[in-house]
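Here is the structure we will look at, set down as structure tokens.
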Amino acid sequence: MNYPGGLAPTETGNIYPNGGNGNGKLGSNGNVNVGNGSNGNSKAIGAGQQGRSFGALPPPSCIGWAATIGTKHKDELIGDFVYQPPRREEKIDVVASVVKRCVERFKQNKKAFPKRIIVLRNGCAEGQFEYIMKFEIPLVKKELEELGCDAKLTVLVPNKLQDVRFVRQDAKADEKNPEQNIRPGTVVDTVVVHPKRTEFFLNSHVAIKGTARTPHYTLLRDENDMSMDTLQSMVHCLCFGHQVVTKPTSLPSPVYIAEEYAKRGRNIYAHYSKHGLDNSKSLEKIVKDKTLAWPLRNYEDMTTVLSFVATQFLKDLRVNA
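Right, dumping it as structure tokens:
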């Protein structure tokens, strides 16, 4: 066990103890830059799926994403959600289009293409790795090529829903729960990892109750040739970007925020499934040029109508802070 980059848990973090919610929504940066996160030429993208769909008439799968494409500072995480056909497994058909959209926004805001793209693909079981490497990654590379972007791609899969637990050998029964757990920043990258894949366990958070559930990370593609120490340090630093809370989250902030966007998209769909589009004056400008009726059968129309992409104000702000 070691601590990536030599960083103790208290050496980096949010500097606003209060008002994190408002600061996040206003685009403020509440982090200290320690030099191990993404730089101005890099872009981190988190993607996550909210719920798998079951039943005879299942709701669409909602994919949330968040990326460092803000206009106010280089680490500002802006996101949205998209809909795709309902699936029982953790396949995301729209990853390539999401990456394309993020790169276009990055170019628009930064006046240049990113040199490095880090994709954190959450909500993926081990059985889907072959699908990602065979289909998703080539589609992403094709979209980048069509845009004229030569950024090097790194694809990392975090997974918190696994059964491996790590405990301190020197834990004492009279200690408080957080003190009995392994320290934030603890990394395990030998013995219990896959012999042929690049994997590691990184515990970035403080477990308040029970044994810490340490996320497991699998590297599927690395064109940036990052060392394990560099990769682990980057992931650890990304866990400090949530803004609302003053402690690191268990998953990197792009992934955590993407999950919140996916949850928002699922809830919005549930609302309009119950009430329809007729009662929403806020949608008038979006649908005035189209003949749309609920339920929407075209997932692109559904995304355009219900997500933030068509709004001039919310699309450039983090709305789930």
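Mapped onto the UniProt record's numbering, the consecutive letters of the sequence shown carry residue numbers 1 to 321.
Cβ atoms here follow ideal geometry from the backbone N, Cα and C, with glycine treated the same way.
Residue nearest to F106 in terms of C-alpha spacing, selected from F81, A151, P138 = A151
ask   = Cα-Cα, which of A207, I117, R197 is closest to T218?
value = R197
query = Quick check: the region 132 to 150 against the region 173 to 187, are there 3 or more CB pairs under 8 Å?
reply = no
query = Is the Cβ-Cβ distance between V82 and T304 less than 7 Å?
reply = Going by C-beta atoms, V82 is not nearer than 7 Å to T304.
task = Find the nearest neighbour of A112 within the set C237, L251, N41, judged by alpha-carbon distance.
result = N41
request  = Express the C-alpha separation of R168 and V103 in angstroms, rounding to a whole number.
outcome  = 42 Å
message = Tell me the DSSP secondary structure of V94 in three-state form.
response = Reduced to three states, the DSSP call for V94 is coil.
key: Of the listed residues N298, Y261, T154, A270, nearest to L314 (C-alpha basis)   = Taking only the C-alpha atoms, the option nearest L314 is Y261.
message = Please tell me whether A66 and A310 are closer than 7 Å, where the distance is taken between their beta carbons.
response = No; because the gap between Cβ atoms is not below 7 Å, this pair is not in contact.
Identity of the residue in V99, N224, R318 nearest V140 by Cα = V99
Spatial distance of D163 from V193 (CA atoms) = If you draw a straight line from the Cα of D163 to the Cα of V193, it is about 13 Å long.
message = Let's see if you can read the secondary structure: which residues bound the beta strand (DSSP E) around E199?
response = 198 to 203
ask   = What is the rounded straight-line gap between the Cα of V95 and the Cα of K160?
value = 20 Å
request  = Please go through the same chain and pick out, in chain order, the residues whose beta-carbon is closer than 6 Å to the beta-carbon of T214, but skip the five residues on each side of it.
outcome  = F166, F201, N203
query = By a C-beta neighbour count over all protein chains shown, 10 Å radius and 16 as the cutoff for buried, is E76 buried or exposed?
reply = Classification for E76: buried.
task = Could you tell me how far apart the beta carbons of I45 and V119 are, in whole angstroms, since I believe they sit closer than 8 Å?
result = The pair is a contact, with the Cβ atoms about 5 Å apart (cut-off 8 Å).
request  = Starting from the C-beta of P58, find all residues in its chain whose C-beta is less than 8 Å away, skip the five residues before and the five after it, and write them out in chain order.
outcome  = P86
message = Can you list, in chain order, the residues of its chain with a C-beta nearer than 7 Å to that of D316? Leave out the 5 residues immediately preceding and following it.
response = T71, I78
ask   = In this structure, what does DSSP give as the bridge partners for G64?
value = G48, F81
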